[in-house]
Every structure is written in C-alpha cells, then in structure tokens.
Amino acid sequence: NIVLALLEKWSRLKVSVEFRASMTAGIDGKVIRGPTVCFIRIVNKGNQVKYVSSIDLSLPYRTSTGNMFSLMNPGTKFPVEILPQQEYVYRFRFRALPEIMLEKYKEGKCRIIVVDTIRKKYKSHSFNADMIKRAFEHNNSLSPLVLSMFESDAATKPE
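In the numbering used here, the protein residues as written are 15 to 173.
Here it is as structure tokens:
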C-alpha cells in the first residue's frame with residue numbers, strides 16, 4: 015500500500031525520441047523523400063496534470079554557447095498541458111539549426127531533456143549525435159520545391 019501511495023503521488027513523464035523520413039508520391043508515381051523529422055513523445059505516466067515548459071537537446075560536446083539547445087518550433091506556445099495517462103508528440107525538423115550547433119561536432123550520445131514548470135527534468139534515452147547531423151544535412155540539401163510539398167501545419171505542429 016505504501017508503494018502504491020507513493021507511485022500515485024510521483025509525477026512521471028516518459029520521453030522517447032524517434033527520427034523518421036517524410037515521403038510522398040510524386041505526379042509520376044515515384045516516391046519523393048522529404049525532410050527527416052524528429053518525433054519527441056512525452057507520456058504522462060502519473061496521476062497528476064503536468065505542464066511542459068521546454069524541450070531541450072543536450073549535445074555530447076561543448077560549443078561556444080554551451081551544450082544545451084532549446085528546440086522551438088515557430089508558433090509553439092509553452093507551457094503545454096499533458097493530462098494523466100495522455101501522450102504529447104512534438105515534431106521538430108533539424109533544418110534551421112544554428113551552424114554553431116555543429117561547429118565543434120564530434121561523435122557521442124545526445125539526449126532530449128523535457129523540463130516541466132516546477133523545473134523537474136525528464137531525460138530521453140540516448141541516441142547518436144550523427145543522427146542530428148545527418149538529418150540537418152539531408153533537410154538542407156532538399157530543393158525548395160520538395161520542401162514546399164511537406165510544409166504544412168500538420169508536419170511541424172504538435173499533436
């Protein structure tokens with residue numbers, strides 16, 4: 015009973031990260047590969063409403079501005095409310111990254127860190143920094159025509 019009582023009071027957010035390539039069919043029926051999107055899933059496993067105030071990326075190396083970067087999409091308003099037993103999906107395209115993020119690039123493990131309004135931090139599993147570099151390079155190599163096919167509110171706004 016004590017353990018169950020403690021688990022009910024603890025706030026728990028589970029954070030997971032997944033990179034996916036966007037694809038669509040062209041006029042001629044061929045597959046067109048669009049930008050790579052980073053899906054950040056935040057699940058409220060607790061019994062209390064949680065408010066996410068920021069979603070940050072922790073790099074395995076230091077740049078001239080540090081190793082933490084905030085991942086902000088235009089139009090996203092924080093804090094975001096997540097009800098108990100609900101999921102929030104944040105989509106982020108590594109396209110308009112500041113070059114400073116890759117200035118001293120070296121291999122290593124990254125993490126996504128979600129901070130709630132009471133400044134409690136929740137970390138994702140670690141993933142390779144080269145996933146970010148490859149997504150950034152691929153997304154910036156796409157032509158404006160291909161990008162316009164994937165530019166919609168649904169692609170960049172959270173669910």
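For each residue, glycine too, the CB sits at the ideal point set by N, CA and C.
In the same chain as Gly122, and ignoring 5 residues on each side of it, the C-beta atoms closer than 7 Å to its own belong to Pro74, Tyr75 and Ala143, in chain order. In this structure, Asn153 and Arg107 form a Cβ contact; the two beta carbons are roughly 6 Å apart against a cut-off of 8 Å. Put simply, the backbone Cα of Cys124 is about 27 Å away from that of Pro98.
Approximately 19 Å separates the beta-carbon atoms of Val51 and Ser68; this is outside 8 Å, ruling out the contact. Collapsing the DSSP output to three states places Asp130 in a strand.
In the displayed model, Pro158 falls within a helix according to three-state DSSP. The stretch 30-49 and the stretch 79-96 do not touch, with fewer than 3 CB-CB distances between them shorter than 8 Å.
In the structure shown, the three-state DSSP call for Lys23 is helix.
Under the rule that a run must span 4 or more residues, the alpha helix (DSSP H) segments found entirely inside the stretch 15-94 read 16-23. Under DSSP, Tyr119 forms no beta bridge with any residue.
Ser157 and Val66 have their C-alpha atoms roughly 34 Å apart.
When beta bridges are read from the DSSP output, Glu101 appears opposite Val57.
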